[in-house]
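There are 2 protein chains.
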Amino acid sequence: MAATIKDVARACGVHVSTVSRTFSAPHLVNPATRSRVLAAADDLGYRPNRAARALTTGRTFNMGLIVADISNPFFPPLIKAAQAQARGRDYHVFVADTDEDPRVEEELIRTFTKQVDGVLLCSPRLSNKMIERLAEDVPFVVVNRRIKGMPAVLMNVAQGAKLALEHLAGLGHHRIALVSGPIGSWTSNEMQGAAAEAAGLDLIFFGPNQPTEAGGLAVAPEVAACGATAVLAYNDLVALGLIEGLAAMEIGVPDQISVIGFDDILPGRLNRPKLTTVAMPAVAAGRMAVDLLLQSGGEGATVTLDTALIVRESTGRAQT
Amino acid sequence: MAATIKDVARACGVHVSTVSRTFSAPHLVNPATRSRVLAAADDLGYRPNRAARALTTGRTFNMGLIVADISNPFFPPLIKAAQAQARGRDYHVFVADTDEDPRVEEELIRTFTKQVDGVLLCSPRLSNKMIERLAEDVPFVVVNRRIKGMPAVLMNVAQGAKLALEHLAGLGHHRIALVSGPIGSWTSNEMQGAAAEAAGLDLIFFGPNQPTEAGGLAVAPEVAACGATAVLAYNDLVALGLIEGLAAMEIGVPDQISVIGFDDILPGRLNRPKLTTVAMPAVAAGRMAVDLLLQSGGEGATVTLDTALIVRESTGRAQT
DNA sequence: CTCGTCTTGGCAACCGGTTGCAAGAACCTT
DNA sequence: AAGGTTCTTGCAACCGGTTGCCAAGACGAG
């Protein structure tokens with residue numbers, strides 16, 4: 001059907017290797033011949049078959065990007081940043097969604113192996129051990145997970161959690177609910193770790209939870225019942241669900257309970273009340289992850305990006 | 001590095017073809033030999049190289065999915081539905097985002113060619129002519145675009161627009177602004193076409209616009225100035241931006257102006273006021289697109305899915 | 001015991017390119 | 001004019017599998 005390198009070679013009476021060189025090493029072929037080949041190629045609509053080329057060169061010039069849930073508005077900016085950065089490096093990014101399922105995640109990685117030059121693994125749900133094993137077959141850069149010897153882009157969640165807790169303490173909150181995320185989430189662990197170190201606060205942990213609005217909605221009754229005056233939620237989606245759930249029980253935010261999320265997604269900015277949140281550097285992370293993959297020959301550089309507290313309307317003084 | 005079919009063959013003293021058959025035609029190899037091969041393969045951690053296999057078989061068992069803007073909450077449900085459906089058919093879906101740029105779209109399609117068995121083209125921005133040309137190299141299913149002889153999944157936008165206009169007319173609105181989308185959008189054209197047929201209404205067209213909140217925000221002043229009492233927006237994102245922009249000018253929705261969007265995305269349900277919208281069958285479309293790609297040998301079946309008006313809080317009686 | 005049939009597995013060509021090697025041509029040098 | 005360079009191009013092996021064809025061996029029937 002589509003023209004191959006042989007068709008082009010035949011069309012202009014030259015060996016296939018010459019055609020091949022015309023595209024991948026133009027300086028090695030006589031300008032006159034080159035233009036003859038290019039003319040014939042253009043004429044037949046020839047495009048090099050990237051998969052076939054990859055077979056011998058070992059490079060596909062594309063990379064995979066795996067996320068747990070593409071519906072989470074946190075990811076699209078990261079994805080777009082990665083795609084843009086990759087495009088600037090002559091690479092293409094293929095995205096896939098695991099539906100929060102570690103088995104699907106593994107299967108997708110296996111599928112990507114040999115079809116991409118590396119995989120950006122964002123907020124993985126697989127165990128470190130499994131990731132290390134899979135890393136034997138394809139280079140990784142992990143985002144929001146620390147694995148020894150593996151290049152990683154981390155967001156300083158602990159710092160963000162600390163800022164958030166200080167903010168709440170400053171508003172007079174002492175009893176604070178911590179609504180964590182799914183099992184296998186490094187982010188969730190970091191948050192809990194940072195919270196556990198905070199002195200003088202009475203923390204109640206809830207989890208694991210789905211990292212979605214449904215998850216927030218579901219824990220709302222428990223959170224309301226536990227007597228906390230403020231909540232630190234795993235992410236903005238959970239925070240929004242929580243606010244919705246509290247509203248359904250006629251509990252006002254921030255009047256009766258303060259809520260802080262993580263991520264700084266767009267819907268949080270449009271919500272009433274506008275969400276106070278710890279902004280995560282998603283765009284920078286997407287860019288960095290691509291660069292790390294391209295630079296590191298698998299070497300374990302680790303980049304940590306800062307987070308920032310953004311105070312909006314969902315937090316206020318504790319009731320006295 | 002990774003084990004190849006040859007390593008396995010050597011390891012258990014059989015020819016590579018036998019190993020190959022063990023995986024792709026197990027019934028042709030003696031059970032005893034087969035288990036020996038499987039053991040060796042497992043031992044060496046051998047995985048067939050999908051790209052190499054595709055070279056001879058011509059099938060990759062993966063498909064591409066191209067969207068204009070992955071940040072638009074309209075797409076993730078469609079993407080997830082497509083991925084789930086594909087997974088059930090032993091296929092994998094690779095997603096890519098064009099950033100609303102036709103050139104990027106073309107480049108991505110070219111990249112996908114030969115690396116996937118087909119491409120789902122969602123709300124493309126390329127011209128029909130260009131799409132037809134590219135279709136010579138890779139099978140397509142287009143979503144929200146009608147192209148002769150090409151399988152398509154359409155959403156009945158005209159019907160939805162009609163419902164929306166009737167709803168507004170019923171509330172006493174006569175002067176209605178139509179805020180359209182980007183150039184090259186079939187959806188936008190359908191909306192305009194349907195609107196133009198509506199009798200007894202005074203329509204003012206605004207466009208083209210970016211199909212985002214920024215786009216809605218930007219036209220808000222013009223819309224406010226045109227004297228319309230209601231707006232039909234290209235999609236929910238534009239509608240939300242519009243509401244935001246109107247609010248900044250102290251124009252209340254729905255008290256002073258009614259707003260209807262298209263898509264029924266999640267943020268629209270959380271917004272205050274909750275958005276009245278025409279729900280698009282994104283999930284069904286994702287599923288159908290996959291099936292169409294797998295069934296049709298490129299034959300031009302067209303599926304049209306119904307839309308539905310969902311009345312919430314952003315529309316109300318016209319001021320008298 | 002011989003013949004015919006069925007299983008099994010090796011051989012080799014092929015998919016669409018890439019690339020090291022070498023030969024011939026053209027161009028310089030001295 | 002001989003010898004040395006530099007260019008240009010063809011040859012053939014190779015990447016990792018798949019598959020049509022064929023021969024050897026197993027097995028059952030007569």
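So the sequence lines, in the order shown, correspond to chains A and B.
Per this note's numbering, the very first residue in the first sequence carries number 1; after that it's consecutive.
Per this note's numbering, the very first residue in the second sequence carries number 1; after that it's consecutive.
Positions of the beta carbon are idealized from the N, C-alpha and C atoms, including for glycine.
The structure presented is a predicted model; accordingly, all values stated were derived computationally and were not measured.
A:R59 and A:D117: beta carbons closer than 7 Å?
-> Taking the first residue of the first sequence as position 1, residue 59 of chain A is located at position 59. Taking the first residue of the first sequence as position 1, residue 117 of chain A is located at position 117. It is a contact, given that the beta carbons lie within the stated cut-off.
Under the assumption that B:L171 contacts B:G286 (Cβ atoms under 8 Å), give the Cβ distance between them as a whole number of angstroms.
-> Reading the second sequence from its first residue, position 171 is the one you call residue 171 of chain B. Reading the second sequence from its first residue, position 286 is the one you call residue 286 of chain B. About 33 Å; that fails the 8 Å criterion.
With B:T18 and B:V37 assumed to form a contact (beta carbons below 8 Å), what rounded beta-carbon distance in angstroms separates them?
-> As a position in the second sequence, residue 18 of chain B is number 18, starting the count at 1. As a position in the second sequence, residue 37 of chain B is number 37, starting the count at 1. With 8 Å as the limit, B:T18 and B:V37 qualify as a contact, their Cβ atoms being about 7 Å apart.
Assigned secondary structure, B:R47 (DSSP; H/G/I helix, E/B strand, else coil) | Taking the first residue of the second sequence as position 1, residue 47 of chain B is located at position 47. Of the three classes helix, strand and coil, the one that applies to B:R47 here is coil, per DSSP.
Going by beta carbon distance, what residues of the same chain come within less than 7 Å of B:S296, once the five residues before and after it are set aside?
-> For the purposes of this step, residue 296 of chain B is taken as residue 296 along the second sequence, with counting starting at 1. The answer, listed in chain order, is P151.
Secondary structure at A:L126, three-state DSSP: helix, strand or coil?
-> Position 126 of the first sequence, counted from the start, is the residue given in the question as residue 126 of chain A. Annotated three-state conformation of A:L126 is coil, per DSSP.
Any C-beta of chain A under 7 Å from that of B:P76 | Here residue 76 of chain B refers to the residue found at position 76 when the second sequence is read from its first residue. Closer than 7 Å: yes.
Starting from A:V219, find everything on chain B with Cβ-Cβ shorter than 9 Å and list it in chain order.
-> As a working note, residue 219 of chain A is residue 219 in the first sequence. In chain order: nothing, as chain B lies at least about 18 Å away.
So A:M321 is in the beta strand (DSSP E); what residue range does that whole segment cover?
-> Because chain A in this structure spans residues 1 to 320, residue 321 of chain A falls outside the shown range and cannot be described.
Roughly how many angstroms lie between the CA atoms of A:L293 and A:A158, to the nearest whole one?
-> Looking up residue 293 of chain A in the first sequence gives position 293. Looking up residue 158 of chain A in the first sequence gives position 158. Their Cα atoms are separated by approximately 25 Å.
Between which two residues does the beta strand (DSSP E) carrying B:T277 extend?
-> Your numbering for residue 277 of chain B matches position 277 in the second sequence. In the DSSP assignment, B:T277 falls within the unbroken beta strand (DSSP E) covering T276 to A279.
Taking Cβ positions, are A:E250 and A:K274 nearer each other than 7 Å?
-> By 1-based counting over the first sequence, the position of residue 250 of chain A is 250. By 1-based counting over the first sequence, the position of residue 274 of chain A is 274. Not a contact, by the Cβ cut-off of 7 Å.
For B:I79, return the contacting residues in chain A, with the cut-off set at a CB-CB distance below 7 Å.
-> What you label residue 79 of chain B is simply residue 79 of the second sequence in a count that begins at 1. The contacting residues are I70 and D97.
Given a threshold of 16 other Cβ atoms within 10 Å of its Cβ, counted over all protein chains shown, does B:M280 qualify as buried or as exposed?
-> In the second sequence, residue 280 of chain B corresponds to position 280, counting from 1. Residue environment for B:M280: buried (at least 16 other C-beta atoms within 10 angstroms of its C-beta).
Would you mind telling me which residues of chain A sit closer than 7 Å to B:R110, beta carbon to beta carbon, in chain order?
-> Position 110 of the second sequence holds residue 110 of chain B. Near B:R110 (Cβ distances below 7 Å), the residues of chain A are R47.
Test item: CB-CB of B:V253 and B:A177 under 7 Å | The residue labelled residue 253 of chain B in the question sits at position 253 within the second sequence. The residue labelled residue 177 of chain B in the question sits at position 177 within the second sequence. Not closer than 7 Å, so no.
Report yes if the CB atom of A:T212 is closer than 7 Å to the CB atom of A:L240, and no otherwise.
-> Here residue 212 of chain A is taken as the residue at index 212 of the first sequence, counted from 1. Here residue 240 of chain A is taken as the residue at index 240 of the first sequence, counted from 1. Their beta carbons are not under 7 Å apart, which means A:T212 does not touch A:L240 by this criterion.
Is the CB-CB distance between B:I204 and B:A225 below 7 Å?
-> Here residue 204 of chain B is taken as the residue at index 204 of the second sequence, counted from 1. Here residue 225 of chain B is taken as the residue at index 225 of the second sequence, counted from 1. The answer is no: Cβ separation not under 7 Å.
Could you work out which residue in A:S258, A:P31 and A:F112 is closest to B:Y91 when comparing CA atoms only?
-> To locate residue 91 of chain B, count along the second sequence from 1; it is residue 91. When the alpha-carbon of B:Y91 is set against those of A:S258, A:P31 and A:F112, the nearest one is in A:F112.
Which stretch, first to last residue, makes up the beta strand (DSSP E) that contains B:D263?
-> Position 263 of the second sequence, counting from 1, holds the residue named residue 263 of chain B. Segment S258 to D263, the beta strand (DSSP E) holding B:D263.
For B:L55, the nearest candidate out of B:Q115, B:N209 and B:A41 (CA to CA) = In the second sequence, the residue the question calls residue 55 of chain B occupies position 55. For the residues B:Q115, B:N209 and B:A41, the minimum Cα distance to B:L55 belongs to B:Q115.
Would you call A:A41 buried or exposed, if buried means 16 or more other Cβ atoms sit within 10 Å of its Cβ?
-> In the first sequence, the residue the question calls residue 41 of chain A occupies position 41. Looking at its Cβ environment, which holds 16 or more other Cβ atoms inside 10 Å, A:A41 is buried.
Since I believe A:V259 is in contact with A:H167 (beta carbons under 8 Å), could you give me their beta-carbon distance rounded to a whole number of angstroms?
-> As a first step, residue 167 of chain A must be located in the first sequence, where it is residue number 167. As a first step, residue 259 of chain A must be located in the first sequence, where it is residue number 259. That belief does not hold up - the Cβ atoms of A:H167 and A:V259 are roughly 12 Å apart, past 8 Å.
Check the C-beta distance from A:N235 over to A:G184 and give it rounded, since I have them as a contact under 8 Å.
-> One-based indexing of the first sequence puts residue 235 of chain A at position 235. One-based indexing of the first sequence puts residue 184 of chain A at position 184. About 15 Å separates the two Cβ atoms, so there is no contact after all.
Just the chain A side, please: which residues come within less than 9 Å of B:T113 by C-beta, in chain order?
-> Stepping through the second sequence from its first residue, residue 113 of chain B is reached at position 113. The contacting residues are A2, R47, N49 and R50.
Beta-carbon proximity list for A:L163, same chain, < 6 Å, skipping 5 on both sides | Locating residue 163 of chain A in the first sequence gives position 163, where the first residue counts as 1. The residues are L309.
Bounding residues of the alpha helix (DSSP H) (the contiguous stretch that carries B:M288) | Here residue 288 of chain B corresponds to residue number 288 of the second sequence, with the count starting at 1. Looking at the DSSP string, the run of the alpha helix (DSSP H) that includes B:M288 is A282 to Q295.
Taking B:L270 as the query, report the chain A residues whose CB atoms sit under 8 Å from its CB, ordered along the chain.
-> Numbered from its first residue, the second sequence carries residue 270 of chain B at position 270. L240, E244, P267, L270 and N271, listed in chain order.
Whole-angstrom distance between A:S24 and A:P31, CA atom to CA atom = Walking along the first sequence from the start, residue 31 of chain A turns up at place 31. Walking along the first sequence from the start, residue 24 of chain A turns up at place 24. Roughly 14 Å between the two C-alpha positions.
With a cut-off of 7 Å, does the C-beta of A:Q83 fall near any C-beta of chain B?
-> Here residue 83 of chain A corresponds to residue number 83 of the first sequence, with the count starting at 1. Nearest CB-CB separation between A:Q83 and chain B: below the 7 Å threshold.
Taking B:N209 as the reference, which of B:S188, B:L201, B:G193 and B:A196 has the closest Cα?
-> What you label residue 209 of chain B is simply residue 209 of the second sequence in a count that begins at 1. Out of B:S188, B:L201, B:G193 and B:A196, B:S188 has the C-alpha closest to the C-alpha of B:N209.
Measure the CB-CB distance between B:S123 and B:A195 and report whether it falls below 7 Å.
-> Sequence index remark: in the second sequence, residue 123 of chain B carries index 123 (1-based). Sequence index remark: in the second sequence, residue 195 of chain B carries index 195 (1-based). Against a cut-off of 7 Å, the Cβ pair of B:A195 and B:S123 comes out as no contact.
Within the 7 Å Cβ cut-off, does A:F23 reach chain B?
-> Counting from 1 along the first sequence, the entry for residue 23 of chain A is found at position 23. By this cut-off, A:F23 is not an interface position.
Using three-state DSSP, classify B:G170 as helix, strand or coil.
-> Walking along the second sequence from the start, residue 170 of chain B turns up at place 170. DSSP, reduced to helix, strand and coil, places B:G170 within a helical segment of the structure shown.
Compare the C-beta of A:L293 against all C-beta atoms of chain B and say whether one is closer than 7 Å.
-> Within the first sequence, numbered from 1, the residue matching residue 293 of chain A stands at position 293. Interface annotation, A:L293: not in contact with chain B, CB-CB separation never under 7 Å.
What are the boundary residues of the beta strand (DSSP E) that includes A:D97?
-> Translated into the one-based positions of the first sequence, residue 97 of chain A becomes position 97. Element bounds for A:D97: H92 to D97.
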